[in-house]
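See below for the structure under consideration.
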Amino acid sequence: MTNNFQKINVRGVDFAAVTPDEATAICTAMLDGDRVCTVFTPNAEIVQLCVEQPDYYDLYNSGDLVVPDGAGVVKAAKILGRPLPGKVAGVELGERMLAVCAARGDGVYFLGAKPGVAEEAAKRMCSKYPGLSVVGTHDGYFKKSGEESDAVVAAVNASGAGLLFVCLGVPVQERWITDNREKLTAARVCMCLGGSLDVYAGVAQRAPKFFVDHSLEWFYRLMKEPKRIGRMMKLPKFLFGTYLAKIRGKA
218 MTNNFQKINV RGVDFAAVTP DEATAICTAM LDGDRVCTVF TPNAEIVQLC
268 VEQPDYYDLY NSGDLVVPDG AGVVKAAKIL GRPLPGKVAG VELGERMLAV
318 CAARGDGVYF LGAKPGVAEE AAKRMCSKYP GLSVVGTHDG YFKKSGEESD
368 AVVAAVNASG AGLLFVCLGV PVQERWITDN REKLTAARVC MCLGGSLDVY
418 AGVAQRAPKF FVDHSLEWFY RLMKEPKRIG RMMKLPKFLF GTYLAKIRGK
468 A
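Numbering-wise (our numbering), the sequence shown opens with residue 218 and increments by one.
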């Protein structure tokens with residue numbers, strides 16, 4: 218079940234050609250597996266990072282399920298003539314899995330964000346999804362290797378959580394999961410979800426529906442945080458580079 222999907226290569230990153238419903242079903246099946254599975258949600262900015270620093274390709278392509286978190290990746294796939302069904306926003310996929318765990322009784326662990334955010338996210342999500350059990354939380358302010366990191370892994374294991382949300386920012390979260398994958402004994406699904414805990418906690422707001430429906434979330438974030446202009450410029454660079462890659466036959 219977990220590998221029964223087509224992969225679409227977009228600028229060197231292999232994305233699962235799945236809908237949000239299919240991604241949810243795959244993640245649910247992973248919960249019943251006998252090994253730790255990883256779910257990565259890169260957007261166009263991250264794919265551009267891979268293009269500029271090819272060492273990251275192996276990291277992102279190591280995910281068991283890699284879904285396009287953003288319209289930029291979907292647009293690039295279309296340019297290359299390898300269309301994806303659509304975007305699978307990490308924050309939405311994460312919340313879908315919270316609903317699944319609430320219904321099934323699987324424990325969830327929230328890791329990441331500033332002190333207090335994971336706890337508030339747990340409080341709000343447990344209120345929103347009756348039956349949800351967030352069995353542990355920890356902020357993202359710890360050394361990502363050595364004794365501090367090992368202590369976090371031990372806490373996750375002791376919680377018995379089947380689903381682990383890792384929200385440490387890219388590419389730190391993917392690297393941490395990859396480095397500690399063999400040490401995790403209880404979690405079956407590890408999802409790297411960036412700033413999702415901030416959204417669940419009410420610290421950050423997603424773009425209004427109009428912007429989401431018209432693939433303008435990036436523009437909404439730019440209006441809210443003009444200082445993001447440097448990061449936002451990676452999107453046109455990524456799309457222009459995709460056109461060039463297609464023309465040159467290097468897509």
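Note that the Cβ used here is the ideal one computed from N, Cα and C, for glycine as well.
Taking C-beta atoms as the reference points, G377 and V352 count as a pair closer than 8 Å.
Looking at the DSSP output, I225 sits in a beta bridge with F232. When only Cα atoms are considered, V253 and A404 end up about 6 Å apart. V291 sits away from V264, with the two beta carbons spaced by 8 Å or more.
Relative to the Cα of L410, the nearest Cα in the group A335, G298 and P271 belongs to A335. Annotation note: the segment 274-299 contains no uninterrupted beta strand (DSSP E) run of length 3 or greater.
Rounded to the nearest whole angstrom, the CA to CA distance from G307 to F455 is 20 Å. In summary, D286 is buried, with 16 or more beta-carbon neighbours lying within 10 Å of its beta-carbon over all protein chains present. Note: T354 is bridge-paired with F327 in the DSSP secondary-structure output. Remark: C-beta atoms of L282 and A240 approach each other more closely than 8 Å.
Within a 10 Å sphere around the beta-carbon of P259 sit 16 or more other beta-carbons, which makes this residue buried. Per the coordinates, the alpha-carbon of L349 lies some 30 Å from the alpha-carbon of F427.
DSSP, reduced to helix, strand and coil, places L349 outside both helices and strands of the structure shown, so it counts as coil. If you compare the alpha carbons of L380, I394, K331 and G466 with that of D415, the shortest gap goes to K331.
Between R228 and T459, the C-beta gap is smaller than 8 Å, which places the two residues in contact. Between S413 and the set V370, F257 and S362, the nearest pair of CA atoms involves F257. The Cβ-Cβ distance between L401 and V370 falls below 8 Å.
I464 is classed as exposed because its beta carbon has fewer than 16 other beta carbons within 10 Å across all chains shown.
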